[in-house]
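J.: Order-wise, the sequence lines are chains A and B. For the first sequence, position 145 matches number 145 in the working numbering, and the numbering has no gaps at all. For the second sequence, position 378 matches number 750 in the working numbering, and the numbering has no gaps at all. One structure follows; several queries about it will come next.
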Amino acid sequence: MLQIAIVVIIGGLAYGAVYNAALNLSRAHIASGFGFWNNTAGFDISQTLIAYSASTSSFGRAFWVGLLNTLLVAGVGIVLATIAGFVIGIARLSHNWLVARLAGGYVELVRNVPLLLQLLFWYNAVLKSLPLLRGSMALPGGAILNNRGLFLPQPVFAANFSTVVLALVVGIAGAIGLNVWARWRRERTGADPHILWPALASIFGLPLIAFAVAGFPLHFSLPQMGRFNVNGGVEVLPEFAALALALSVYTAAFIAEVVRAGVLAVSHGQTEAAQALGLRSGQTLRLVVLPQAMRVIVPPLTSQYLNLIKNSSLAVVIGYPDLVQVFAGTVLNITGQAVEVIALTMAVYLAISLFTSVVMNLYARATVIAER
Amino acid sequence: MSAISDQAYLRVLPAQKLPPPAERTGIFNWLRENLLSSPTNIVLTFLCILLFAWAVPPLIRFFLIDAVWSGTDRDACLASPAQMHPGACWAFVRVWVSYFVYGFYPLAERWRVDLFFVALTLGIVWLARLSTPRRDLGALYFFVGLPILSFILLHGAPLIGLPVVPTSLWGGILVTVVVATIGMVFSLPLGILLALGRNSEMPVMKLAAVGFIEFVRGVPLITVLFMASVMLPLFVPEQFAPDKLVRALIGVALFASAYMAEVVRGGLAAVPRGQYEAARALGLTYWRMMGLVILPQALRVTLPNIVNTFIGLFKDTTLVFVVGVFDFLRTVEAARADPKWTTPNTTVTGYAFAALFYFVCCYGMSRYARSVEAHLTRAGRR
Chain A
1 MLQIAIVVII GGLAYGAVYN AALNLSRAHI ASGFGFWNNT AGFDISQTLI AYSASTSSFG
61 RAFWVGLLNT LLVAGVGIVL ATIAGFVIGI ARLSHNWLVA RLAGGYVELV RNVPLLLQLL
121 FWYNAVLKSL PLLRGSMALP GGAILNNRGL FLPQPVFAAN FSTVVLALVV GIAGAIGLNV
181 WARWRRERTG ADPHILWPAL ASIFGLPLIA FAVAGFPLHF SLPQMGRFNV NGGVEVLPEF
241 AALALALSVY TAAFIAEVVR AGVLAVSHGQ TEAAQALGLR SGQTLRLVVL PQAMRVIVPP
301 LTSQYLNLIK NSSLAVVIGY PDLVQVFAGT VLNITGQAVE VIALTMAVYL AISLFTSVVM
361 NLYARATVIA ER
Chain B
373 MSAISDQAYL RVLPAQKLPP PAERTGIFNW LRENLLSSPT NIVLTFLCIL LFAWAVPPLI
433 RFFLIDAVWS GTDRDACLAS PAQMHPGACW AFVRVWVSYF VYGFYPLAER WRVDLFFVAL
493 TLGIVWLARL STPRRDLGAL YFFVGLPILS FILLHGAPLI GLPVVPTSLW GGILVTVVVA
553 TIGMVFSLPL GILLALGRNS EMPVMKLAAV GFIEFVRGVP LITVLFMASV MLPLFVPEQF
613 APDKLVRALI GVALFASAYM AEVVRGGLAA VPRGQYEAAR ALGLTYWRMM GLVILPQALR
673 VTLPNIVNTF IGLFKDTTLV FVVGVFDFLR TVEAARADPK WTTPNTTVTG YAFAALFYFV
733 CCYGMSRYAR SVEAHLTRAG RR
């Protein structure tokens, strides 16, 4: 009975909403449906990973540009935040009092200040106060830094560069093979063969040799200082840098807490047993504690990654052209089709979240401790 | 008797406790154990001290020693022969601080805002202190009385002689606190209902609750706010279109309730099954069982998590910025753009002030959550 009432209420609300929306939209002469998708966009985007031009590309193309920008900044943020988060999380557990306190201070400071404020700080207070074009800083390696962004040398690949890539693939495969052999050897004989140097030689040496043999098929086109602009090179927008920095600094604090909780969840007996077996403290951490801690760490770590992806939508505040800024901002303002645009934007984030939680459930199922 | 006297020596009194050996105590030992126990540790300690020496003195100099504390316009904070390298421009904050707190709320009516802050503090203390009497009355006050009282106070009621102050004049910390409080007041009951729905045996309820929770948790708050501010006016008849602040409030409350629901669900899961069965055996109906037996226990164990969610909500209130509501951060942004105060240090000072405000609030709440957690652990151990 109650259920029928709920269905009726929800249905009634939905009907009322749709009815009113249709009424209000027709009054404002706003079209509905995705007819705008193929219309010419007519606005510029400051960072495009795929070919895009204001005069010929469609709104649909702008959507993909925005989505790729979101994924780019989220990807960079996730890599940086993971590295920093693990370092800080383990530092918080350090026996060195100063190191532990320093890491703790970082976590408390960063976690208790809103991300938006940190983002504005990096963008307006740090990056905007870099030198102007005329006083650009020349960084080692030919990079140029000023308040319009960071200009890096652009790699230019010659035709036979593919041999180097091939060599790299072979090298990585060789290192993996070496690792498999070492594990097999360890399990058979107990001897622990040192494979670090051979593996590194395989990963880096092979491509280097291929690089030399192919006649150095790579050169860098350096950014040049022009009178009004910097020409050439790869441009890293200040908006991108600020967003990536803010996201990774902020998320690193949360990842540090996740890592700390995960390591603490491994019972102390494991550490003591490892030490009793004569493992050094680095080995204890790497071979005994972390593999067990990972089981606890990975689920909350994934949700931190999802938070980072969702938080990348703050891009809209500083004008980095991510999905929300391009699509739910500019496209929405031009077309006025709020319902379609917002629904599609939400659907993208929702799809990412749902996909991740499906993968997570698979992982959790795969790593369940086999209880005896 | 003889068995005892056969012993050569028998100690009757316990031995006196000896202090730990000298090399295990004292400041030098502490230093050795905590900072200098191995070569790696010595290097780490050294690096930390270097980092401190590099970062802390310039910060102290900038924010305290070289800071400019008073002045009426930018000249006070610009470099002058008297002060070659002026630090933080606190004079700017002092001049703008009433705007940071009240926004454009009319000067003559600001006592109403102050009264609201007092009423809110009373409610928070009543609820937050675990030893205060009649916390059930406190909850009634906080979740029913306070919202009505605040609405009358802040918005105004011409009937009793309080002129209406439109929300477009509200701003600053007032708006931040209003958004956070409304978010809390609505998200907790909604979250409880959603959590009960998610645990319900009725498939329709379960589906509706799960759908709502997973949907809201899967999308960024900004898109929810956009939805509230752009789509909400479409979904209601034209004459009922809510104003900007109300739209943002609805967005924040719905968003927070999905997160609150998950927290409450965790608390429900922590109540032993026997409690449900015992309540059923006593013949309690579903609502009486939940209200009298399950929820009091569930909310109690999950109070630290509720506070942590609230900290997240408090930080998220800054996002109402993007839909044009003048919260505290937005007023700082507006003030730092004031040409009268354009100096190289205005921006940093404004942000430092904002960061201090948020840090004090959030850190205070997280300390509170931790103390409650410790209290609960002690109570559980007994």
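Just so you know, even glycine gets a beta-carbon here, dropped at the ideal spot from N, CA and C.
Where does A:I210 land, buried or exposed, given buried means 16+ other C-beta within 10 angstroms?
T.: Counting from one through the first sequence, the residue named residue 210 of chain A turns up at place 210. First, the amino acid is wrong: residue 210 of chain A is Ala here, not Ile. When all chains shown are included, A:A210 counts as buried.
J.: State yes or no: is the beta carbon of A:Y363 nearer than 7 Å to at least one beta carbon in chain B?
T.: By 1-based counting over the first sequence, the position of residue 363 of chain A is 363. It does not: the Cβ of A:Y363 has no partner Cβ on chain B nearer than 7 Å.
J.: Put B:S743 into one of helix, strand or coil per three-state DSSP.
T.: Counting from 1 along the second sequence, the entry for residue 743 of chain B is found at position 371. Here B:S743 sits in helix by DSSP.
J.: Roughly how many whole angstroms lie between the Cα atoms of B:S738 and B:K687?
T.: Here residue 738 of chain B refers to the residue found at position 366 when the second sequence is read from its first residue. Here residue 687 of chain B refers to the residue found at position 315 when the second sequence is read from its first residue. Cα to Cα, the separation comes out at about 13 Å.
J.: What do you reckon, are the CB atoms on B:S559 and B:S629 nearer than 7 Å?
T.: As a first step, residue 559 of chain B is located in the second sequence; it is residue number 187 there, counting from the start. As a first step, residue 629 of chain B is located in the second sequence; it is residue number 257 there, counting from the start. Yes, the pair counts as a contact, with Cβ atoms nearer than the cut-off.
J.: Can you give me, in chain order, the residues of the segment 501-522 of chain B that have a beta carbon less than 9 Å from any beta carbon in chain A?
T.: Going along the segment 501-522 of chain B in chain order, one finds no residue with a Cβ nearer than 9 Å to chain A.
J.: Nearest by alpha-carbon distance to B:I545: which of B:L525, B:V576, B:R702 is it?
T.: Position 173 of the second sequence, counted from the start, is the residue given in the question as residue 545 of chain B. Per the Cα distances, B:R702.
J.: I'd like to know if A:Y349 contacts chain B, where contact means its C-beta is closer than 7 Å to some C-beta of that chain.
T.: Position 349 of the first sequence, counting from 1, holds the residue named residue 349 of chain A. Cβ-Cβ to chain B under 7 Å: yes for A:Y349.
J.: List the residues of chain B that A:P300 touches, going by C-beta distances under 7 Å, in chain order.
T.: On the first sequence, residue 300 of chain A is found 300 positions in, with the first residue counted as 1. Per Cβ cutoff of 7 Å: no residues; A:P300 is ~13 Å from chain B at best.
J.: How many Å lie between B:L407 and A:V113 at the Cα?
T.: Locating residue 407 of chain B in the second sequence gives position 35, counting from the first residue. Locating residue 113 of chain A in the first sequence gives position 113, counting from the first residue. Each residue's Cα considered, the two are about 30 Å apart.
J.: Can a CB atom of chain B be found closer than 7 Å to the CB of A:M346?
T.: Indexing the first sequence from 1 puts residue 346 of chain A at position 346. It does: the Cβ of A:M346 has a partner Cβ on chain B nearer than 7 Å.
J.: Can you name the residues of chain A whose CB is closer than 9 Å to the CB of B:C449?
T.: Counting from 1 along the second sequence, the entry for residue 449 of chain B is found at position 77. Within 9 Å Cβ-Cβ: nothing; B:C449 doesn't reach chain A, min ~15 Å.
J.: Select from the segment 591-610 of chain B all residues with a C-beta closer than 7 Å to any C-beta belonging to chain A, and list them in chain order.
T.: Listed in sequence order: V591, P592, I594, T595, F598, M599, V602, M603, L606, F607, V608, P609, E610.
J.: Using a C-beta to C-beta distance shorter than 8 Å, which residues of chain A count as neighbours of B:A726?
T.: Here residue 726 of chain B corresponds to residue number 354 of the second sequence, with the count starting at 1. Within chain A, the residues near B:A726 are L117.
J.: By the 10 Å Cβ neighbour count, where 16 or more other Cβ atoms means buried, how is A:Q337 classified, buried or exposed?
T.: The count along the first sequence starts at 1 and reaches residue 337 of chain A at position 337. A:Q337 is buried by the Cβ-count criterion.
J.: What is the rounded straight-line gap between the Cα of A:A103 and the Cα of A:A167?
T.: Working through the first sequence from its first residue, we reach residue 103 of chain A at position 103. Working through the first sequence from its first residue, we reach residue 167 of chain A at position 167. When rounded, the distance between both Cα atoms is 40 Å.
J.: Buried or exposed: where does B:N413 fall if 16 or more other Cβ atoms within 10 Å of its Cβ makes it buried?
T.: Position 41 of the second sequence, counted from the first residue, corresponds to residue 413 of chain B. Buried: at least 16 other Cβ atoms inside 10 Å.
J.: Comparing the C-beta of A:V263 with each C-beta of chain B, is any distance below 7 Å?
T.: On the first sequence, residue 263 of chain A is found 263 positions in, with the first residue counted as 1. Chain B, which has no Cβ nearer than 7 Å to the Cβ of A:V263, makes this no.
J.: Nearest chain B C-beta to A:V316 closer than 7 Å, yes or no?
T.: Taking the first sequence and counting its residues from 1, the one referred to as residue 316 of chain A is at position 316. Chain B contact via Cβ: present.
J.: Quick one: using the 10 Å Cβ neighbour count with 16 as the cut-off for buried, is B:L385 buried or exposed?
T.: Numbered from its first residue, the second sequence carries residue 385 of chain B at position 13. Classification for B:L385: exposed.
J.: Please classify A:R92: is it buried, with 16 or more other beta-carbons within 10 angstroms of its beta-carbon, or exposed?
T.: On the first sequence, residue 92 of chain A is found 92 positions in, with the first residue counted as 1. Buried.
J.: Whose Cβ in chain B lies nearer than 7 Å to the Cβ of A:I6?
T.: Sequence index remark: in the first sequence, residue 6 of chain A carries index 6 (1-based). In chain order: V576, M577, A580.
J.: Need the endpoints of the beta strand (DSSP E) that A:I144 sits in, please.
T.: To locate residue 144 of chain A, count along the first sequence from 1; it is residue 144. 144-146 is the extent of the beta strand (DSSP E) around A:I144.
J.: Note the first and the last residue of the continuous alpha helix (DSSP H) segment covering B:S559.
T.: Along the second sequence, one-based indexing puts residue 559 of chain B at 187. From DSSP, the alpha helix (DSSP H) with B:S559 extends over 544-571.
J.: Measuring only the C-alpha atoms, how far is A:A81 from A:A241?
T.: Here residue 81 of chain A is taken as the residue at index 81 of the first sequence, counted from 1. Here residue 241 of chain A is taken as the residue at index 241 of the first sequence, counted from 1. Going from the Cα of A:A81 to the Cα of A:A241 covers about 14 Å.
J.: Using C-beta distances below 6 Å, list every residue in its chain close to A:V230, excluding the 5 sequence neighbours before and after it, in chain order.
T.: Position 230 of the first sequence, counted from the first residue, corresponds to residue 230 of chain A. Excluding residues within five positions, the ones whose Cβ falls inside 6 Å are I144, F151, P223.
J.: Report the rounded CA-to-CA distance for A:N69 versus A:L120, giving the unit in angstroms.
T.: As a working mapping, residue 69 of chain A is identified with position 69 in the first sequence. As a working mapping, residue 120 of chain A is identified with position 120 in the first sequence. Their backbone Cα atoms lie some 19 Å apart in a straight line.
J.: Determine the DSSP secondary structure at A:T40, reduced to helix, strand or coil.
T.: Here residue 40 of chain A refers to the residue found at position 40 when the first sequence is read from its first residue. If DSSP states are grouped into helix, strand and coil, A:T40 belongs with the strands.
J.: Mark B:P699 as exposed unless 16 or more other C-beta atoms lie within 10 angstroms of its C-beta, in which case mark it buried.
T.: Numbered from its first residue, the second sequence carries residue 699 of chain B at position 327. According to the sequence displayed, residue 699 of chain B carries Asp and not Pro. With 16 or more Cβ atoms within 10 Å of its Cβ, B:D699 is classed as buried.
J.: Which residues in chain A have a C-beta closer than 8 Å to the C-beta of B:F731? List them in chain order.
T.: What you label residue 731 of chain B is simply residue 359 of the second sequence in a count that begins at 1. Simply L109, N112, V113.
J.: Within this structure, are the beta carbons of B:D486 and B:G459 separated by less than 7 Å?
T.: Along the second sequence, one-based indexing puts residue 486 of chain B at 114. Along the second sequence, one-based indexing puts residue 459 of chain B at 87. Going by C-beta atoms, B:D486 is not nearer than 7 Å to B:G459.
J.: So with CB distances below 8 Å, who are the chain B contacts of A:A84?
T.: Counting from 1 along the first sequence, the entry for residue 84 of chain A is found at position 84. Within 8 Å Cβ-Cβ: nothing; A:A84 doesn't reach chain B, min ~15 Å.
J.: Between A:I30 and the rest of its own chain, which residues show a CB-CB distance below 7 Å, the 5 nearest in sequence each way excluded?
T.: Position 30 of the first sequence holds residue 30 of chain A. Correct list, in chain order: G336, Q337.
J.: Could you name the residues of the same chain whose beta carbon sits closer than 6 Å to that of B:L534, not counting the 5 residues immediately before and after it, in chain order?
T.: Residue numbering aside, residue 534 of chain B sits at position 162 when the second sequence is read from its first letter. The residues are G528.
J.: DSSP has A:P155 in a bridge; who is on the other side?
T.: Along the first sequence, one-based indexing puts residue 155 of chain A at 155. According to DSSP, A:P155 bridges with A:F220.
J.: Is there at least one Cβ from chain B nearer than 7 Å to A:S26's Cβ?
T.: Indexing the first sequence from 1 puts residue 26 of chain A at position 26. No, A:S26 does not count as interfacial toward chain B.
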